[in-house]
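First the structure, in the form of structure tokens, and then the observations on it.
Residue numbers (the working numbering): 2 to 437.
Here it is as structure tokens:
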């Protein structure tokens with residue numbers, strides 16, 4: 002369609018006539034004879050007005066010798082390539098941004114759910130909640146739009162890498178490359194990055210409510226990104242929607258833990274993934290959830306990342322999973338045995354213990370408290386909670402004394418050795434007692 006007001010200006014065929022009077026200026030470039038050539042310019046985006054797909058805006062640049070030639074190439078802006086994942090109400094697809102020429106992730110509602118006012122309203126809230134979160138450890142939103150079928154979507158950064166779930170699977174399989182790459186120290190660093198992203202979201206008044214290894218991406222360059230904020234809600238939104246999502250996906254421990262993927266959609270206020278949800282979330286107390294619910298999910302995730310086993314692995318379905326969340330304690334991490342790694346350090350096991358209490362009043366009060374505790378452990382300030390952690394704490398203090406006074410180095414080393422032997426003996430006695 003040619004614009005009558007500005008000759009040469011281009012308007013996509015799907016644009017209404019009212020938009021034909023509002024266009025970008027035509028593109029100008031030098032021609033071969035030195036004069037100025039006017040090329041058709043792209044129209045302003047009209048997808049919202051028309052309900053159709055968005056067209057590209059930028060021209061294609063070609064060179065004739067050393068002279069650039071701008072070629073208008075109006076195509077669909079976001080071109081879907083393949084489905085990356087599918088949930089209870091939406092799907093994420095890998096797409097190509099034909100304007101910027103980069104891969105992106107695009108989330109849209111499932112076609113069978115599109116059109117319902119309540120579902121669409123929740124999807125809009127999801128977009129706006131995620132759009133307010135600007136943090137290196139949270140996937141950013143680039144854009145929003147409507148696809149050729151009239152479905153709303155939003156565009157996110159495509160994180161090239163692997164999920165934390167896949168990392169755990171490779172560690173369980175005993176992959177030597179993964180065990181070399183993911184020491185306990187590296188796993189702790191990955192988890193700290195997850196904590197920092199969730200800490201920021203909580204500071205903005207947003208709960209994730211579906212934290213699990215499958216929703217954590219580890220990028221090619223070591224970046225860690227919290228994904229899938231589809232169940233995330235701000236405190237204000239919970240007040241607007243006191244009875245939560247009508248379509249909820251419930252997933253039991255799957256794949257590496259159980260062999261079957263138990264998946265069903267339920268109606269009501271129970272939401273999330275039972276294998277990682279908190280007891281209060283499992284009871285359907287959606288309107289009163291706070292940061293401590295995410296604290297529980299994070300702690301269960303870290304327990305699995307370190308021990309390479311899930312505490313609900315023996316449960317055979319969603320019902321058993323929910324019952325296990327309510328009743329079964331999470332075992333101390335240092336009791337887990339794996340043929341592929343040593344035991345989980347005692348200080349990390351105790352760190353997890355304070356996050357998986359069934360009573361939310363006995364957990365960390367915030368993710369900030371988790372970060373402070375874990376950072377102290379990494380700095381060598383191990384909290385004294387058992388003979389082993391006492392030995393480690395005293396050993397660290399002795400080594401600091403060596404740094405301050407080299408003349409006491411020999412005595413300090415002797416003390417460290419003695420404390421280490423005492424701690425090891427105490428741990429062995431405790432383990433033998435547990436086996437009797």
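Ideal Cβ positions, reconstructed from N, Cα and C, are used throughout, including at glycine.
Predicted, not measured: the structure shown is a model, and the values here were computed from it.
Just how far apart, CA to CA, sit residue i and residue j?
i, j, result
"residue 316", "residue 330", "14 Å"
"residue 362", "residue 104", "44 Å"
"residue 300", "residue 79", "38 Å"
"residue 281", "residue 89", "21 Å"
"residue 69", "residue 100", "18 Å"
"residue 62", "residue 97", "18 Å"
"residue 383", "residue 345", "14 Å"
"residue 158", "residue 132", "12 Å"
"residue 122", "residue 129", "11 Å"
"residue 371", "residue 191", "14 Å"
"residue 213", "residue 302", "6 Å"
"residue 391", "residue 385", "5 Å"
"residue 284", "residue 313", "17 Å"
"residue 236", "residue 288", "9 Å"
"residue 188", "residue 114", "38 Å"
"residue 217", "residue 66", "48 Å"
"residue 395", "residue 380", "14 Å"
"residue 230", "residue 64", "44 Å"
"residue 354", "residue 273", "22 Å"
"residue 118", "residue 77", "27 Å"
"residue 336", "residue 343", "11 Å"
"residue 293", "residue 221", "31 Å"
"residue 48", "residue 144", "Per-residue confidence for residue 48 stands at a pLDDT of 43, beneath the threshold of 50, marking its modelled position as unreliable; the derived number appears in the next sentence. Cα-Cα distance, rounded: 13 Å."
"residue 393", "residue 178", "29 Å"
"residue 87", "residue 234", "20 Å"
"residue 142", "residue 389", "46 Å"
"residue 325", "residue 181", "33 Å"
For the alpha helix (DSSP H) holding residue i, just list the boundary residues, first then last.
i, result
"residue 363", "Unbroken run through residue 363: none, as it is neither H nor E."
"residue 96", "Unbroken run through residue 96 is the beta strand (DSSP E), 91 to 98; no alpha helix (DSSP H)."
"residue 165", "165 to 173"
"residue 328", "319 to 328"
"residue 86", "Not the alpha helix (DSSP H): residue 86 falls in the beta strand (DSSP E), residues 79 to 87."
"residue 297", "292 to 308"
"residue 380", "Counting along the chain, residue 380 falls outside any alpha helix (DSSP H), and DSSP gives it neither H nor E."
"residue 280", "280 to 283"
Looking at C-alpha atoms only, which residue of the options is the closest neighbour of residue i?
i, options, result
"residue 160", "338, 93, 323, 287", "93"
"residue 176", "340, 392, 367", "340"
"residue 91", "108, 83, 84, 81", "108"
"residue 286", "133, 230, 327, 319", "327"
"residue 135", "125, 284, 203, 278", "203"
"residue 439", "234, 125, 146, 305", "Summary: the structure shown does not reach residue 439, with the chain confined to residues 2 through 437, and so no result is reported for it."
"residue 82", "215, 106, 59, 66", "106"
"residue 319", "347, 294, 295, 278", "278"
"residue 162", "215, 150, 186, 119", "215"
"residue 56", "111, 64, 74, 126", "74"
"residue 139", "225, 395, 364, 153", "225"
"residue 173", "309, 144, 77, 348", "309"
"residue 151", "234, 110, 60, 365", "110"
"residue 347", "141, 378, 324, 366", "378"
"residue 170", "146, 311, 324", "311"
"residue 166", "148, 219, 295, 72", "219"
"residue 376", "85, 364, 352", "352"
"residue 164", "85, 125, 338", "85"
"residue 147", "137, 125, 141", "125"
Terminal residues of the continuous beta strand (DSSP E) containing residue i?
i, result
"residue 109", "103 to 110"
"residue 72", "68 to 72"
"residue 144", "142 to 147"
"residue 130", "From DSSP, residue 130 is part of no beta strand (DSSP E) but of the alpha helix (DSSP H) over 118 to 132."
"residue 63", "61 to 65"
"residue 156", "153 to 158"
Using 8 Å for Cβ pairs, my map puts residue i next to residue j. What's the rounded Cβ distance?
i, j, result
"residue 227", "residue 198", "4 Å"
"residue 368", "residue 205", "Not a contact, Cβ separation roughly 12 Å."
"residue 208", "residue 290", "6 Å"
"residue 211", "residue 232", "4 Å"
"residue 297", "residue 356", "6 Å"
"residue 322", "residue 350", "Actually they are not in contact, since the Cβ atoms of residue 322 and residue 350 sit about 23 Å apart, beyond 8 Å."
"residue 307", "residue 154", "In fact, because the Cβ distance is near 37 Å, the residues do not count as touching under 8 Å."
"residue 364", "residue 358", "5 Å"
Notebook entry, point to check: Which runs of the alpha helix (DSSP H), 4 residues or longer, sit entirely within the region 167 to 236?
Noted result: Segments of the alpha helix (DSSP H) lying fully in the region 167 to 236: 177 to 182, 185 to 204.
Margin query: Could you tell me which whole alpha helix (DSSP H) segments of length 4 or greater appear in the region 331 to 362?
Written below: 347 to 354, all fully within the region 331 to 362.
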